[in-house]
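I have placed the structure first, in the form of structure tokens, so that the comments after it can refer back to it.
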Amino acid sequence: MSNQAKRAQANHPILDLLADRWSPYAFDPQTVEEEKLLSCLEAARWAASSYNEQPWSFVVAKREDETEFPRLLDCLLEANQAWAKNAGVLMITVTSKQFSRDGKPNLMAEHDIGLAIGNLTAQATSFGLFVHQMAGINRSKARQTYNIPESHEPLTAIGLGYAANAQRDQAPRSRRPLSEFVFKGAWGTSR
Ligand SMILES: Cc1cc2nc3c(=O)[nH]c(=O)nc-3n(C[C@H](O)[C@H](O)[C@H](O)COP(=O)(O)O)c2cc1C
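Heads up: the sequence shown begins at 594 in my numbering, then just goes up one per residue.
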């Protein structure tokens, strides 16, 4: 569903793919085609990462899977379950905490899974699909449900699917201006 009201009102030109991305609360419970889902995951696969560690994993459940979808939905906080239950696909994102090369902590793991999810989101947007990420998950439940080892950390959930029309999704989007976060010479001095 294209939604002009949600399109980024950019002060400088940006790619349509970026301007048209937003996070819907109202998902249309239609199936996400398997080949589109695979392309989204493939896009995540090709993200950059520190030492090419690729410290990301995704536990995936499609809506039509009557066993796995409710199991994954149950790992979300209730407020997120209320809307995420209509997403075509749900995922739990998981980082690996140590570098495989030397066992040292990978302080870039969360950064790098964010890049991978950014890739996934751009690919999804190109298909007319939408992504809504969630910090609001029950991490210990996710760990228990999927036997996630201590070497890995459940981080977020992702709702992926087609957007439906809804009142809650009409609110305009806002962002801080560049002057508040792009500096020159000294912290807090905008360029
Ligand atoms: C890491 C992350 C965690 C988020 N967690 C939640 C969440 O638990 N529940 C929710 O409703 N939205 C969540 N969001 C969505 C944000 O609220 C949303 O991206 C933000 O308000 C900007 O809106 P936009 O994505 O439509 O531009 C999350 C987004 C990110 C990137």
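Backbone N, C-alpha and C fix where the C-beta goes; we use that ideal spot for every residue, glycine too.
{"Check": "Whole runs of the alpha helix (DSSP H) within the segment 698-726, excluding any shorter than 4 residues", "Outcome": "702-719"}
{"Check": "CB of Ala702 within 8 Å of CB of Pro648, strictly", "Outcome": "yes"}
{"Check": "Rounded straight-line distance, which links the Cα of Asp613 to that of Leu665", "Outcome": "28 Å"}
{"Check": "Option nearest Ser693 by Cα separation, candidates Ser744, Ser783, Arg768", "Outcome": "Ser744"}
{"Check": "Check: Asn673 C-beta below 7 Å from any heavy atom of ligand 1", "Outcome": "yes"}
{"Check": "6 Å Cβ shell around Ala735 - same chain, five flanking residues per side excluded", "Outcome": "Cys668, Ile685, Pro747"}
{"Check": "Ala680 vs Leu631 beta-carbon contact at 8 Å", "Outcome": "no"}
{"Check": "Burial state of Lys629 (16 or more Cβ within 10 Å)", "Outcome": "buried"}
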